[in-house]
Structures are given as C-alpha cells and as structure tokens.
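Sequential numbering of the sequence shown, starting at 52, is according to the numbering used here.
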Amino acid sequence: MAAPNHDSILDLSDYLRILRQRWKWAALVFLIVLGAAVALPLLQADSYTAQTRVLVAQTEAESAVTGQNQNTSSLSRTLTNEISLAQGDEVRARVFEALGFVPGVSIAAEGFSDVLQIRAVAATPEDAARAANVYAESYVAEKQNQSAQSLEAATALFTSQLDSLSAERVEVRSELARLEEALATASTDARRATIEREIAAETTRIGPRLNLIDAQINAVANAIIDLSLQGKLAGIGSARIVERAVPPSAPSNTPLSRTIALGVVAGSILAVAAALLSHNLDRSLNTAEDVRALTTLPVLGSVPEADGLVRPELDFQTLERPESPVGDAYHRIRTSLQFSFLSRDVHSVLITSPNPTEGKTTTSVNLAGALAAIGSRVILADVDFRRPRLHQVFNTEMVPGLSDHLLDGTPLHELAFTVASANNSLVVLPSGSAPPSPGDLVSTPAFADLIRLVEKEGDIAVFDAPPVLPVSDAVSLSRLVDAVIITVRAGSTSRDDLRRTIETLELVGAPLSGIVMVGVAHSDQYSRYQSDYTNELT
52 MAAPNHDSIL DLSDYLRILR QRWKWAALVF LIVLGAAVAL PLLQADSYTA QTRVLVAQTE
112 AESAVTGQNQ NTSSLSRTLT NEISLAQGDE VRARVFEALG FVPGVSIAAE GFSDVLQIRA
172 VAATPEDAAR AANVYAESYV AEKQNQSAQS LEAATALFTS QLDSLSAERV EVRSELARLE
232 EALATASTDA RRATIEREIA AETTRIGPRL NLIDAQINAV ANAIIDLSLQ GKLAGIGSAR
292 IVERAVPPSA PSNTPLSRTI ALGVVAGSIL AVAAALLSHN LDRSLNTAED VRALTTLPVL
352 GSVPEADGLV RPELDFQTLE RPESPVGDAY HRIRTSLQFS FLSRDVHSVL ITSPNPTEGK
412 TTTSVNLAGA LAAIGSRVIL ADVDFRRPRL HQVFNTEMVP GLSDHLLDGT PLHELAFTVA
472 SANNSLVVLP SGSAPPSPGD LVSTPAFADL IRLVEKEGDI AVFDAPPVLP VSDAVSLSRL
532 VDAVIITVRA GSTSRDDLRR TIETLELVGA PLSGIVMVGV AHSDQYSRYQ SDYTNELT
C-alpha cells in the first residue's frame with residue numbers, strides 16, 4: 052500500500068519534525084507566555100501576607116449535644132466544619148463591623164492538628180496583620196457565641212430529662228406513697244400490720260425500677276453541674292488564638308525567578324501544544340517529511356522556492372542556469388530517477404499532480420532538460436489537451452500537435468520542435484488542436500499507439516499530463532507509460548488531495564515511481580553554500 056495513514060500515529064520523530072516545521076508558532080507562543088510571566092510581577096504592586104493561628108477545641112457542651120468526643124476520625128470533618136464557619140456570613144459580618152470592609156483571607160487546617168491558619172493579604176504589613184487578627188477575633192467571638200448556645204441547649208436538654216425522670220419516680224412510688232399515708236392514719240394494730248406487709252411487698256416490687264431512675268437522675272444532675280463548671284472555666288469559649296499576626300517584614304509576591312521558571316515551563320508546554328494544533332489544523336504539505344509521513348512512495352527530490360523568478364525563467368532553470376538551486380534540485384531528481392530505473396526498462400514518464408498550478412509543467416520541462424543535459428535524446432510531449440502550456444514555455448505554435456496527428460495523420464516530425472539550448476537533444480511535441488472530448492481521446496487504442504510511437508523517437512519520453520483530481524485524463528494516460536511522477540506544491544497541496552491522487556492512480560495499476568515537491572522554502576545556509584560553491588566553479 053503506497054499511502055498508509057500515519058496521521059493518527061505519531062512517534063517521537065514525528066513530534067520533532069512538527070516542531071521543526073512549526074517552530075515559528077512555537078517560538079511566538081513561548082515568548083508571549085514568558086513575556087507575560089516576566090511582566091506581571093513587575094507590574095503588580097507589592098502585597099503582604101500575615102497569619103494568625105487559632106486552636107479549635109470541642110467543649111463539654113458540644114460533646115454532650117453531639118454525643119461524641121473529639122478523636123482522630125472526626126478531626127478532619129470537624130476542621131472542615133470550622134473552616135465553613137470561619138468563612139460564613141456571621142463571621143464576615145463581625146469583620147465588616149470592625150473594619151468597615153471584609154479583607155481577602157485564606158483559611159486552612161494546619162497539618163493534622165486542630166489548629167486553623169488564617170492568612171490575610173493587604174497592601175501594607177500593618178493592614179495585613181490587623182486584618183488577620185480581626186478576622187481571627189471575629190471567628191473566636193462567633194465560636195464562643197455558638198458554644199454558649201450549645202451550652203444553653205445542653206442544659207435545657209438535661210433539665211428536661213431531669214424533670215421527666217422526677218415525674219416518672221413520683222408515678223412509680225404513687226402506690227407506695229398511698230400506703231405510707233394510710234399507715235400514718237391507721238387506728239388499730241391489726242390494720243397497721245396489714246399495711247406494713249403491703250408496704251414491704253410494694254417496696255420489693257418497685258425497688259429495682261426506683262434504683263434505676265435514681266441512678267439516671269444522679270447522672271443527669273452531675274452532667275448539669277459539669278456543664279456549668281465547663282462554662283465558667285472556659286469562659287464558654289471553644290476556640291482561642293494561640294499566635295497573633297505580626298506585620299510581615301517582606302512582600303509575599305511570587306519571586307521573579309520563580310515566575311520566570313513557571314513561565315518557561317508553561318511556555319514550553321503551550322508552545323508544543325501550539326505547534327501540534329497548527330499542524331493538525333493545517334492540512335497542507337509543507338516539507339518532504341510531511342510527504343514521507345503520508346505515503347511510502349519515495350520523495351525523488353524537493354525543489355526550492357525560486358525567489359524573484361517567474362515563468363518562463365523558472366521553466367528553463369536546468370537549461371539556462373543548471374547551477375542554480377532550482378536547476379541543481381532537478382539534476383538531483385534526475386539522478387534519483389536513474390537509480391530507480393536501474394531495475395526496470397523505462398522509456399516513458401508521465402508527470403502529473405493532484406490539482407492545477409502544482410508544478411507539473413515546470414517539473415516536466417526541467418526534468419526533460421536535465422535528462423537532455425547528460426546526452427539522452429528526450430521527447431517532451433504535451434498531453435494536457437485541456438490547458439496545454441508547453442507551446443507557451445518554448446514560444447512556439449500549439450498547432451499542429453499530437454491531436455492533429457491522431458485526427459489527420461500529420462507526421463510527428465512536422466510537429467516536433469528541437470530545443471537548441473539543450474544541445475539539440477530535447478524535442479518538444481505540442482498538444483495540437485483542442486479535441487472535443489480529451490478524456491475520450493486519450494482512452495482510444497490509437498492514442499496508446501501514439502505513446503508507443505513517441506517512445507521510439509528518443510531514449511525517453513516525458514509527458515506533461517493534466518492533474519488527476521479535476522479530470523480523468525491523467526488516470527487513463529497513467530496506464531500507457533512506464534513510470535508516473537506526482538508533483539506537489541509546498542504549502543498548497545493538501546494531504547487529503549495527495550492521498551486521493553495516489554489511491555486513484557493505484558486503482559488502475561499506474562506505475563507510481565515517486566513524488567517531487569516544488570516550492571519548498573530553502574534555508575539561508577543552503578543558499579550561501581550553493582552561491583559560494585558556484586562562485587568557486589566560475
């Protein structure tokens with residue numbers, strides 16, 4: 052398969068290739084992020100952070116109400132609740148009343164202890180310390196208020212329990228009380244003896260229940276006494292400041308060195324992301340590496356962008372300036388072709404492209420010129436009957452041409468134009484009169500015979516064909532030649548178009564030989580080397 056899909060499988064070399072291609076985007080993003088990281092601390096005013104530490108403890112009243120004592124398992128939940136209380140509206144209202152505003156604070160637990168850290172940020176050291184202390188005092192005051200409410204609720208609860216137990220005790224002893232009252236008013240010994248026996252029996256019956264009720268009454272009474280003592284000893288409070296904030300000696304802004312380090316790290320990550328995003332959004336082929344990542348077809352060569360050159364100067368580089376970067380590139384492509392043709396007998400090469408203006412005619416002319424430069428007799432034929440250009444390149448007539456040979460039998464030697472600048476080794480055959488249906492013309496057996504005839508006129512025939520995707524002409528022609536070369540233009544041809552072109556030609560069994568990329572941006576280093584080397588030769 053000549054066109055495997057590598058788009059979704061990237062290895063390290065692919066990432067490095069993308070970074071090399073998209074280094075401008077990556078550098079731009081990196082510099083923006085780093086510049087922001089440097090500028091923000093410089094533009095930011097100094098700020099100061101002060102810290103107050105508050106110890107949070109569970110009172111007896113709270114334990115009585117919740118039925119739990121402070122332990123390791125409940126510490127985290129308790130501190131989370133305390134942080135919520137410290138950040139709540141009641142505390143903030145107290146702070147606003149004291150300061151006239153609510154400062155920005157952060158509240159967090161100190162490790163695994165039951166200590167809260169309250170940090171306040173302000174423009175001056177004194178304001179930061181005052182804000183932290185006022186906030187801590189407001190929290191402690193609110194905590195004391197809630198503790199007092201808890202104590203009051205616990206006392207009320209125990210008092211209610213005590214009243215209920217006392218009423219239950221009276222009810223249990225009601226029969227015994229009646230008997231004791233009857234004993235006091237008995238008038239005879241016999242009656243008193245009878246009542247005493249009844250009292251003894253009733254006492255035995257209700258004794259265990261009375262003992263239980265009395266024990267519960269004692270426990271509740273002791274709890275009420277303990278609550279009262281706890282409230283007096285702790286001043287009802289359950290939180291206290293263990294370390295007050297003092298004005299800090301230095302600003303708390305992030306150091307510039309750390310900001311720069313973070314900027315370098317973040318900038319590097321975002322730069323790589325920008326390069327990958329740019330690569331994914333840009334579907335065009337920009338370098339030969341992009342082509343190699345898309346297909347297993349060999350890249351025969353890359354032709355650098357010819358700065359300042361226009362047609363027809365660009366089309367004649369191998370003929371008039373073989374030492375130029377463009378001319379040298381086509382000579383390298385010729386060498387690559389010669390090596391690829393060693394294993395098979397090749398007499399005809401078709402040059403096509405996915406779309407128009409992607410360098411097929413320029414490649415046809417320069418490749419033919421490069422082959423002619425080594426003494427090969429080259430026949431350059433224009434088989435693009437829809438938009439022929441070879442006659443314009445060589446400033447000759449389009450008619451008569453190949454179509455005229457097929458239609459009225461005009462001999463080939465009357466169509467041919469020999470290029471003197473190519474040592475008379477290059478013969479050009481123009482397209483001829485525009486046929487009514489070019490697609491039908493190139494599909495006829497007569498046209499296949501014409502291809503064979505043209506091949507016999509020289510050592511090798513180069514055919515400038517139409518692009519593959521707009522029309523089917525090139526697909527039909529590709530089955531008639533020994534080799535097919537696809538040209539793509541850097542920054543213009545899309546990956547999808549090249550993939551479709553290869554798949555289309557493969558479906559008809561076209562002898563695909565490789566790909567030529569034109570318009571590649573060449574490095575200044577290559578240009579200086581090439582210029583210096585050329586000057587030495589001259």
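For each residue, glycine too, the CB sits at the ideal point set by N, CA and C.
These numbers come from a predicted model, not from an experiment.
Just mark residue i as buried or exposed, buried being the case when its beta carbon has 16 or more other beta carbons within 10 Å.
i    : result
N262 : exposed
H456 : buried
V559 : exposed
P439 : buried
V569 : buried
H330 : buried
E111 : With a pLDDT of 48 at E111, under the threshold of 50, the predicted position of this residue should be treated as unreliable, and no value is reported.
T175 : exposed
T236 : exposed
D379 : buried
L464 : Correcting the residue identity first, residue 464 is His in this sequence and not Leu. Exposed.
A572 : exposed
My output table needs one value for residue i: the three-state DSSP class, helix, strand or coil.
i    : result
I425 : coil
R229 : helix
E24  : Residue 24 cannot be examined here, being either before or after the span of the chain that is shown, 52 to 589.
V493 : coil
Q138 : coil
D435 : coil
L70  : helix
L477 : strand
F514 : strand
R590 : This structure cannot settle anything about residue 590, because the visible part of the chain is limited to 52 through 589.
G258 : helix
S335 : strand
G570 : strand
F152 : coil
G420 : helix
V316 : helix
F445 : coil
L348 : coil
D62  : coil
V519 : coil
Could you tell me the alpha carbon to alpha carbon distance between residue i and residue j, rounded to whole angstroms?
i    : j    : result
A144 : A192 : 12 Å
E253 : E231 : 11 Å
P306 : S201 : 47 Å
F514 : V505 : 10 Å
G318 : D333 : 22 Å
R383 : G565 : 13 Å
R224 : I257 : 8 Å
T131 : D165 : 11 Å
G426 : P355 : 25 Å
L278 : A207 : 11 Å
F498 : L528 : 9 Å
L280 : E148 : 32 Å
A561 : F81  : 46 Å
P496 : S454 : 14 Å
L63  : A344 : 13 Å
A173 : A199 : 33 Å
D214 : E247 : 30 Å
T346 : L549 : 9 Å
Please name the residue, chosen from the options, that lies closest to residue i on a Cα-to-Cα basis.
i    : options                : result
E161 : A467, S391, Q72, I134  : I134
Y186 : A174, A218, V153       : V153
V89  : E219, A77, R309, A173  : R309
R372 : A421, A326, D277       : A421
V271 : A541, R503, F209, V444 : F209
E177 : V316, G452, P298, F468 : P298
Y66  : A322, V571, T447       : A322
I158 : L351, M449, T206, L106 : L106
L418 : V434, I511, Y381       : Y381
N474 : V429, R295, F498, R437 : V429
L458 : F468, L501, H442       : L501
S387 : I536, R220, V221       : I536
S391 : D533, D240, A572       : D533
A424 : K194, L336, A471, G452 : A471
V84  : L313, S64, L213        : L313
N446 : V172, P481, A241, L477 : P481
A325 : D62, R68, A78          : A78
R243 : L234, R260, E409, A432 : L234
G352 : R540, K194, T100, F436 : R540
Original post:
Are the region 327-347 and the region 63-74 touching by the rule of at least three beta carbon pairs closer than 8 Å?
Top reply: yes
Subject >> Touching by the beta-carbon criterion (3+ pairs, under 8 Å), the region 487-504 and the region 520-534 >> reply: yes
**OP:** Mind the definition here: the region 542-553 touches the region 400-416 only if three or more C-beta pairs lie below 8 Å; say whether that holds.
**Re:** yes
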